[in-house]
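Residue numbers (our numbering), protein chains in the order written: chain F, 145 to 301; chain X, 778 to 1081. First the structure, in the form of structure tokens, and then the observations on it.
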Amino acid sequence: MMTLEGVIAAVLILSVAYFLFQSTMIISPVSDEVVYVQMRQYGQDALTIINSQTGAEDTLQYALKRINSTYTPYELLNSLEKLLPDYTDFNLQVYYVNMTTNEIEVYNITNRIPTSTTVTASTYLVIRNGNSLMIPPSSSIQQALRVPMPMSPYCWR
Amino acid sequence: MMNNYTSRARHKHDEGKLSLDIIVGLTIFLLSFVFIIQYIPTIFASERSEIALYPLAYRISALLAEDPGYWSNGSVNGTDWENYYSQPSVEVRPGLMGSEVNVLDSDKIDALRNFYLSAGEGEIRKALGLETPDREFGFNISLQLLSSDSSNPAYSTNGSQPLLLIGDPIPDWRDVARYERIIAFENTTTVSDISSRVDTPNTVNYNFVVTAPVGSFVIVILDRNDNQSATEPWMRVDVNGNRVIDVYGNDTIGLFDLTTTINQLSGTVNVDMQVHNVRGYVISTDAGEYIGGRIVAKLVVAVW
């Protein structure tokens, strides 16, 4: 003879399992990659847009020629915040060749702490002949005529 | 004797019968088994069909944003497909890129919209590679403002019409892959409601009437006027009678974004501008935001 308790227990277990799976989506690594690809694309596109030769104040060309101890490129950072979705945050870094030491050095325009779900996008930037570059902000002038600089906006969810 | 007979008869009567416990237990087990087999795969995102659609959406967005397109009639070909898509016996692959990657040509945007209207959805599907022998993919391609999202789409417009909105409405009852690219318009003037040049050594008044909300309203002062004998530059701007900008000297040179100020109001908004000895321009547009010296929006590709 079956017991009523057994049937009720079975129904209860099934109900709990159903509601548990209903409210949860198991994200596999493959689908996570899709999100990362879109985030990296946002970063890459944003760098492409601000790496223009229009001479506007919120472009990389304009900002990097002026970075020193007193100049912070607020216009550039504001534009990056507009370009990237609200749910992302970013860091902006400049990798450059110090012509005195001949070493690759990093200058952090922003210094936020990336999370474990960070992706990186970068672009090269050419400073034209005759324009000096004022980084790091210790006022040592880099006399490099052509400087490749990967820039890394870190975006995380 | 009688008892033995009754016992045997009862035993014979019970043979070949299942107890109710087993039947109910089997039923619950089978129902659970079928439910789990059908349900478990769908909770893994990797098994969902839209994952397989993402490469398709990415490919179309890359073709549109990073390629100028292509046309051929068998003997002649080129990338200016916007001039040939309507001719017979011409194969077309649309691309929207202008002079650089991520910078879209307004003529090609118009051509894609007109190509869709004249040739129909099937031809566009074929041209974008969204038709295979065993499947026709649904698609929706549009230009949207940066603040737009899937639940509340805000399209880039010029006048009252979306600059680009082709394909079927995005269904909410099936899996859809959506991929976005950030783009700029090559020609600012063609996607602006107001594109006014400001260039004077004297004091001049300008009045602009816009309807809030606007995608972007910016005043860009590049420099002083070329007339070197003029006095120091200055600028005053009133929005509906309230002074919002009052700058003098070097503070006059720069970008002044009035988008937020105007969008805090509603209906018709009057922007009165008084300038002296400046060179620049004023842009009002619903096509996107003014970033990096260009109007910027999103190219959104949805495939299902």
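Note that beta-carbon positions come from the ideal geometry of N, C-alpha and C, so glycine has one too. If you're wondering where the values come from, they're calculated on a predicted model, not measured in any experiment.
Alpha carbons only, please: which of the options is nearest the one belonging to residue i?
i: X/Val880; options: X/Gly1026, X/Ile971, X/Ala842; result: X/Ala842
i: X/Glu957; options: X/Val867, X/Pro930, X/Asn979; result: X/Pro930
i: X/Pro865; options: X/Arg912, X/Gly851, X/Asp1028; result: X/Gly851
i: X/Asp1063; options: X/Met1012, X/Gly1018, X/Leu1076, X/Val968; result: X/Val968
i: X/Ile839; options: X/Asn984, X/Ile959, X/Asn1004, X/Asp1023; result: Looking at the sequence itself, residue 839 of chain X is Ala, so the reference to Ile does not match. The shortest Cα separation from X/Ala839 among X/Asn984, X/Ile959, X/Asn1004, X/Asp1023 belongs to X/Ile959.
i: X/Ser937; options: X/Gly992, X/Gly1018, X/Gly906; result: X/Gly992
i: X/Ile725; options: X/Gly855, X/Pro990, X/Glu908, X/Ser849; result: This structure cannot speak to residue 725 of chain X, because chain X is shown only from 778 to 1081.
i: X/Asn1002; options: X/Ile971, X/Pro978, X/Tyr831; result: X/Pro978
i: X/Val867; options: X/Arg955, X/Lys885, X/Tyr847, X/Leu889; result: X/Tyr847
i: X/Asp945; options: X/Arg902, X/Val975, X/Leu999; result: X/Arg902
i: F/Ser223; options: X/Asp952, X/Leu889, X/Asp926, X/Leu1032; result: X/Leu1032
i: X/Val1077; options: X/Thr1036, X/Asp926, X/Ala888; result: X/Asp926
i: X/Glu859; options: X/Leu830, X/Arg912, X/Ser876, X/Phe892; result: X/Phe892
i: X/Phe914; options: X/Leu905, X/Lys885, X/Asp884, X/Leu922; result: X/Leu905
i: X/Leu807; options: F/Ala154, F/Leu164, F/Thr192, F/Glu177; result: F/Ala154
i: F/Leu309; options: F/Thr192, F/Asn212, F/Thr214; result: This structure gives no information on residue 309 of chain F, because the portion of chain F shown stretches from 145 to 301.
i: X/Arg1020; options: X/Leu940, X/Gln1005, X/Thr1038; result: X/Thr1038
i: X/Ser924; options: F/Glu219, F/Glu149, F/Tyr231, F/Val151; result: F/Tyr231
i: X/Val869; options: X/Asp882, X/Ala896, X/Ser919, X/Thr965; result: X/Ala896
i: X/Asn1004; options: X/Ser849, X/Asp1015, X/Asp976; result: X/Asp976
i: X/Trp1081; options: X/Ser809, X/Leu833, X/Gly855; result: X/Leu833
i: X/Ser972; options: X/Tyr1067, X/Ser1061, X/Ser876, X/Gly855; result: X/Ser1061
i: X/Thr988; options: X/Asp970, X/Thr980, X/Arg974; result: X/Asp970
Going by DSSP, which residues form a beta bridge with residue i?
i: X/Lys1075; result: X/Gln921, X/Ile959
i: X/Glu877; result: In the DSSP output, where bridge partners are listed per residue, X/Glu877 has none listed.
i: X/Phe994; result: X/Ser1061
i: X/Thr1045; result: X/Thr988
i: X/Arg974; result: X/Tyr1058
i: X/Phe1033; result: X/Ile996
i: X/Trp1011; result: X/Tyr1025, X/His1053
i: X/Arg912; result: X/Thr909
i: X/Asp926; result: X/Asn929
i: X/Arg942; result: Note that residue 942 of chain X corresponds to Leu in the displayed sequence, not to Arg. BP columns for X/Leu942 point to X/Ser919.
i: X/Arg870; result: X/Tyr847
Mind checking residue i: buried by the 16 CB within 10 Å criterion, or exposed?
i: X/Gly1065; result: buried
i: X/Asn982; result: exposed
i: X/Val997; result: buried
i: X/Tyr862; result: buried
i: F/Gln237; result: buried
i: F/Pro297; result: Model confidence at F/Pro297 stands at a pLDDT of 48, short of 50, so the residue's coordinates are unreliable; what they give is reported in the following sentence. The residue is buried, with at least 16 neighbouring Cβ atoms inside 10 Å.
i: X/Val1048; result: buried
i: F/Asn235; result: buried
i: F/Val291; result: Caution is warranted here: a pLDDT of 32 is assigned to F/Val291, below 50, making its placement in the model unreliable, and no coordinate value can be reported.
i: X/Ser933; result: buried
i: X/Ala829; result: exposed
i: X/Asn984; result: exposed
i: X/Ile799; result: exposed
i: X/Asn935; result: buried
i: X/Val853; result: exposed
i: F/Ile253; result: buried
i: X/Ile817; result: exposed
i: F/Pro281; result: No answer about F/Pro281 holds up, because its pLDDT of 44 lies below 50 and its placement is not dependable.
i: X/Phe810; result: exposed
i: X/Ser883; result: buried
i: F/Glu177; result: exposed
i: F/Ile152; result: exposed
i: F/Ser196; result: buried
i: F/Ile157; result: exposed
I believe residue i touches residue j by the beta-carbon criterion, under 8 angstroms. Please report the beta-carbon distance rounded to the nearest angstrom.
i: X/Gly1069; j: F/Ala200; result: 5 angstroms
i: X/Asn1040; j: X/Pro990; result: 4 angstroms
i: X/Ile813; j: X/Ala961; result: Going by Cβ atoms, the distance from X/Ile813 to X/Ala961 rounds to 50 angstroms, so no, they are not a contact pair.
i: X/Leu922; j: X/Ala1074; result: 6 angstroms
For the ligand HEM, any of its heavy atoms closer than 7 angstroms to the Cβ of residue i?
i: F/Asn235; result: What this structure holds is no ligand at all, so the ligand HEM is not there to describe.
Exercise. Do the stretch 178-187 of chain F and the stretch 255-265 of chain F touch if we need at least three Cβ pairs shorter than 8 angstroms?
Worked result: Contact between the stretch 178-187 of chain F and the stretch 255-265 of chain F is present: 3 or more CB-CB pairs across the two stretches fall below 8 angstroms.
Are the stretch 998-1013 of chain X and the stretch 1045-1053 of chain X in contact at 8 angstroms, needing three or more beta carbon pairs?
The stretch 998-1013 of chain X, when compared against the stretch 1045-1053 of chain X, does touch it at the 8 angstroms Cβ threshold.
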